Amino acid sequence: MAPLEKRLACKPADYKSDVKPIWCPGCGDYHVLMSFTRAFAELGLPPEEIVVVSGIGCSSRIPAYTNCYGFHGVHGRSLALASGLKVTRPELTVVVASGDGDGYSIGGNHFLHACRRNIDMTYVVMDNRIYGMTKGQPSPTTEPEFDTALSPGGTGLRPFHPLVIALASGANFVARCFSGEPNETASILVEAIRHPGFSFVEILSPCVTYRPDEREWKALVHPAPVGATNDPAKAARRIMTDDGFNIGVLFRGDRKPFQPSFGQVTADISELEKDFEL
Amino acid sequence: MSKPATGPKISNLADLFAIAYQIEADAVDRYELLASQMETHNNPDLVAAFRDLARAEAIHRDEIRRLAGDIDVVAHARKVAKWSQGESPEEVDIGAAHYLMTPWHALQLALAGEKRALAFFTSVVETTKDPAVKTMAAEFVEEEAEHVNLVHRLLRKHPRPPDSWSDDPDPPSSQD
Chain D
339 MAPLEKRLAC KPADYKSDVK PIWCPGCGDY HVLMSFTRAF AELGLPPEEI VVVSGIGCSS
399 RIPAYTNCYG FHGVHGRSLA LASGLKVTRP ELTVVVASGD GDGYSIGGNH FLHACRRNID
459 MTYVVMDNRI YGMTKGQPSP TTEPEFDTAL SPGGTGLRPF HPLVIALASG ANFVARCFSG
519 EPNETASILV EAIRHPGFSF VEILSPCVTY RPDEREWKAL VHPAPVGATN DPAKAARRIM
579 TDDGFNIGVL FRGDRKPFQP SFGQVTADIS ELEKDFEL
Chain P
37 MSKPATGPKI SNLADLFAIA YQIEADAVDR YELLASQMET HNNPDLVAAF RDLARAEAIH
97 RDEIRRLAGD IDVVAHARKV AKWSQGESPE EVDIGAAHYL MTPWHALQLA LAGEKRALAF
157 FTSVVETTKD PAVKTMAAEF VEEEAEHVNL VHRLLRKHPR PPDSWSDDPD PPSSQD
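Below is the structure:
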């Protein structure tokens, strides 16, 4: 843990790298990056005590734009990477960034089991209901009637419901944010990171290039009419009946995080190599 | 949600200078970010427009720092310049950016920011009980009003583009 004066000295700009983002102008992910850096500064965490892990996609570029440790992993596998990291280095703050394609389709299975395991980390999914990086294919959260040349007449498929699935699978903190409200999002990220166990934060983050209609989200989002509950069934019921634009913390659980104890590691490399000899 | 920004509390002159300084510093950062976006997307007119706006805000930021004298506005701003809802008044909406936007759009964003700053300092004048804060905030109101006027003048040089401004003969979308 860094000394107090160092922790207090951090400001949002200290968490930004020199790499310029190449997202499209108007992309919600710019705001999410701001929310990350504002949240880290509010927490007073030195950059070297934070690891931002991601998979593949527009949203997953975010580790490169921060000055923290980062791991830009393979498609859909960010939670597997982050789980291994957190159980072996529990003193680090682990934040995982993903998108609706990376997180709910390719990484869907890891999502379920990360919620179930309840390892103490924060999973942020920037949901724009489209695969942006690969030019506009429908994702698991795309509306069934979204009609494009790649999905003529729409997919006709019922969208994935990530918040309810997270609750059913055991996530310990569930929230929904809107990227266009970066200070509110930062406050929720602070709470998510502080909350023990697996915290899941869905951020509605418009893709202005392939979903220009999502510019209207700004007018659609509104605060959730009631505060968070600690009853997952009640939270799920509320989420199932909302319009998809309720913003705020929706569930705060009290499950104990999973943190295995490894004890003292005594083997040296040569001994480990022997175990793998054919 | 588009809630009005909930500003920080101003209890004394040091708070006012620090918050005014931070408003301008945030504006500089935001315009620089937009200029950088436009550079990436090869829109040189907008790179120039946003860099000009950043320079103008930087002059104002530095002037506030000079006016503050012995007050360490940078350190004090870190403690007091917190916006619980919405962003700082002159942080223009990056969600409104578009890779084909024109100087008219940039100035519209700037105008909205200047008007928010004007409203913020006006509310300080109207609500503070500290005479020194009221006097200084009234000066900031005058300055922000000048900025609003300046943007209006600039808009006369950059009229509204035709509705086809966002038409792209080679659009990024491969789906249609």
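Each protein sequence line maps, in turn, to chains D and P. When the count follows our numbering, it moves up by one through the first sequence with no breaks and lands on 616 for the last residue. When the count follows our numbering, it moves up by one through the second sequence with no breaks and lands on 212 for the last residue. Backbone N, C-alpha and C fix where the C-beta goes; we use that ideal spot for every residue, glycine too. Note that the structure is predicted; figures quoted are calculated from it, not measured.
Taking only three categories from DSSP, how would you classify residue i?
{"i": "D/GLU522", "result": "helix"}
{"i": "P/LEU52", "result": "helix"}
{"i": "P/ASP212", "result": "In this prediction, P/ASP212 has a pLDDT of 49, which is less than 50 and means its spatial position is unreliable; nothing more can be read from the coordinates."}
{"i": "D/SER392", "result": "strand"}
{"i": "P/THR138", "result": "coil"}
{"i": "P/SER38", "result": "Low local confidence applies: a pLDDT of 46 at P/SER38 is under 50, so the model's placement there is unreliable, and no value is given."}
{"i": "D/ARG590", "result": "strand"}
{"i": "P/PHE86", "result": "helix"}
{"i": "P/GLY149", "result": "helix"}
{"i": "D/SER398", "result": "helix"}
{"i": "P/ALA104", "result": "coil"}
{"i": "D/GLN597", "result": "coil"}
{"i": "P/PHE157", "result": "helix"}
{"i": "P/TYR57", "result": "helix"}
{"i": "D/ALA435", "result": "strand"}
{"i": "D/THR579", "result": "helix"}
{"i": "D/THR547", "result": "coil"}
{"i": "D/THR619", "result": "In the structure as shown, chain D begins at 339 and stops at 616. Residue 619 of chain D is therefore absent and cannot be evaluated."}
{"i": "D/LYS354", "result": "strand"}
What are the partner residues of residue i, as DSSP defines its beta bridges?
{"i": "D/ASN584", "result": "D/HIS560"}
{"i": "D/SER537", "result": "D/THR460, D/PHE511"}
{"i": "D/SER608", "result": "Paired residues: none, contrary to the question."}
{"i": "D/TYR407", "result": "D/VAL389"}
{"i": "D/TYR469", "result": "D/GLN475"}
{"i": "D/LEU423", "result": "Partner(s): none; D/LEU423 has no beta bridge."}
{"i": "D/PHE374", "result": "Its beta-bridge partners do not exist; DSSP assigns none."}
{"i": "D/PHE516", "result": "D/LEU542"}
{"i": "D/SER489", "result": "D/THR486"}
Going by the CB atoms, is the gap between residue j and residue i shorter than 8 Å?
{"i": "D/VAL486", "j": "D/GLY494", "result": "Residue identity differs from the one stated: residue 486 of chain D is Thr in this sequence, not Val. No, they are not a contact pair."}
{"i": "D/GLY441", "j": "D/VAL463", "result": "yes"}
{"i": "D/SER373", "j": "D/ALA524", "result": "yes"}
{"i": "D/ARG549", "j": "D/ILE444", "result": "no"}
{"i": "D/PHE516", "j": "D/ILE585", "result": "yes"}
{"i": "D/THR460", "j": "D/VAL539", "result": "yes"}
{"i": "D/ILE457", "j": "D/SER507", "result": "no"}
{"i": "P/VAL116", "j": "P/ASP51", "result": "yes"}
{"i": "P/GLU180", "j": "P/LEU145", "result": "no"}
{"i": "D/GLN597", "j": "D/VAL432", "result": "no"}
{"i": "P/LEU49", "j": "P/MET137", "result": "no"}
{"i": "P/PRO139", "j": "P/LEU186", "result": "no"}
{"i": "D/PHE589", "j": "D/ALA566", "result": "yes"}
{"i": "P/ILE100", "j": "P/VAL109", "result": "yes"}
{"i": "D/LYS349", "j": "P/ARG114", "result": "yes"}
{"i": "D/PRO476", "j": "D/PHE484", "result": "yes"}
{"i": "D/PHE498", "j": "D/THR472", "result": "no"}
By the criterion of Cβ-Cβ separation under 7 Å, what are the contact partners of residue i in chain B?
{"i": "D/CYS362", "result": "Here the protein chains are D and P, and chain B is not one of them."}
Note down, in chain order, all residues in the stretch 119-132 of chain P with a beta-carbon under 8 Å from any beta-carbon belonging to chain D. TRP119, SER120, GLN121, GLY122, GLU123, ASP129, ILE130, GLY131, ALA132
Three or more C-beta pairs closer than 8 Å, one from the stretch 359-366 of chain D and one from the stretch 378-387 of chain D: is that the case here? Contact fails between the stretch 359-366 of chain D and the stretch 378-387 of chain D, because fewer than three Cβ pairs, one in each stretch, are under 8 Å apart.
Select from the stretch 548-559 of chain D all residues with a C-beta closer than 8 Å to any C-beta belonging to chain P, and list them in chain order. TYR548, ARG553, LYS556, ALA557, VAL559
Do the stretch 98-107 of chain P and the stretch 41-58 of chain P touch if we need at least three Cβ pairs shorter than 8 Å? yes
Chain-ordered residues of the stretch 378-409 of chain D with a beta carbon less than 7 Å from chain P: For the stretch 378-409 of chain D, which is checked against every Cβ of chain P, not one residue is closer than 7 Å.
Listed in chain order, which residues of the stretch 49-81 of chain P have Cβ atoms closer than 9 Å to some Cβ of chain D? Listed by position along the chain: ASP65, LEU69, LEU70, SER72, GLN73, MET74, GLU75, THR76, HIS77, ASN79.
Please list the residues of the stretch 131-163 of chain P that have a C-beta atom closer than 8 Å to any C-beta atom in chain D, keeping them in chain order. Cβ contacts with chain D come from GLY131, ALA132, ALA133, HIS134, TYR135, MET137.
Note down, in chain order, all residues in the stretch 88-116 of chain P with a beta-carbon under 9 Å from any beta-carbon belonging to chain D. ARG114
Whether or not the stretch 128-145 of chain P and the stretch 62-70 of chain P are in contact is what I'm after, with contact meaning three or more pairs of Cβ atoms, one per stretch, closer than 8 Å; do they touch? yes
Specify whether the stretch 386-401 of chain D and the stretch 426-440 of chain D touch according to this definition: at least 3 beta carbon pairs, one from each stretch, less than 8 Å apart. yes
Please list the residues of the stretch 510-528 of chain D that have a C-beta atom closer than 8 Å to any C-beta atom in chain P, keeping them in chain order. PHE516, SER517, GLY518, GLU519, PRO520, ASN521, GLU522, SER525
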